[in-house]
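Colleague:
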Amino acid sequence: MAKINSRNNDLLKETKNTTSHKVYSLLVSLVNEGKEDLAEDVLKIDYLLTYTNNCIKDKDFKEAKYTLRILDRRIENLKNENVDMEYLKNLYDKLNSQIKK
4 MAKINSRNND LLKETKNTTS HKVYSLLVSL VNEGKEDLAE DVLKIDYLLT YTNNCIKDKD
64 FKEAKYTLRI LDRRIENLKN ENVDMEYLKN LYDKLNSQIK K
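Per the numbering used here, numbering of the sequence shown is gapless, rising by one per residue and ending at 104.
1. Using alpha carbons as the reference points, say which of N83, Y69, E79 lies closest to Y178.
2. By Cβ distance below 7 angstroms, which residues in the same chain neighbour K92 in space, the five residues on each side in sequence not counted?
3. Quick check: what's the CA-CA separation for K65 versus I59?
4. Measuring CA to CA, which of N80, Y90, Y95, N99 is closest to H24?
5. Identify, in the order they occur along the chain, each residue of the same chain with its Cβ nearer than 8 angstroms to the Cβ of D44, setting aside the five sequence neighbours on each side.
6. Taking only the alpha-carbon atoms, compute the straight-line gap between A67 and T21 and give it to the nearest angstrom.
7. Along the alpha helix (DSSP H) that carries N99, what are the first and last residues, could you check?
8. Can you check which of these residues, S100, T18, E17, L33, is closest to M88 by C-alpha distance?
9. Taking Cβ positions, are N40 and V26 nearer each other than 7 angstroms?
Listed below in structure tokens is the structure:
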């Protein structure tokens, strides 16, 4: 079976230009393993990280803390599915450290 890429998959086509290279490569590997539902969860985490970053920039720390709690649960769910979350976890840790200052 041929590998799935942005030419033959709508999810990858829609996200190729909007996600970072590391997130996109994680999405490609998940889709090729037949785990498209987990790939969608990775996209949600990526969006929530961006949203949290915007909350911190706007000094809305209450909303940022709330979103970080949601992110923590989602990241744990993907870790339980043995998804390589190192890059996203590092982003999460950096955002979390900015709030605790």
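Glycine included, each C-beta is placed from N, C-alpha and C at the ideal position.
Modeller: Checking against the coordinates, here is how it stands:
1. There is simply no residue 178 to check, as the chain begins at 4 and stops at 104 in what is shown.
2. I78
3. 9 angstroms
4. Y90
5. R77, N80, L81
6. 22 angstroms
7. 89-102
8. L33
9. It is Asp, not Asn, that sits at residue 40 in the sequence shown. No; because the gap between Cβ atoms is not below 7 angstroms, this pair is not in contact.
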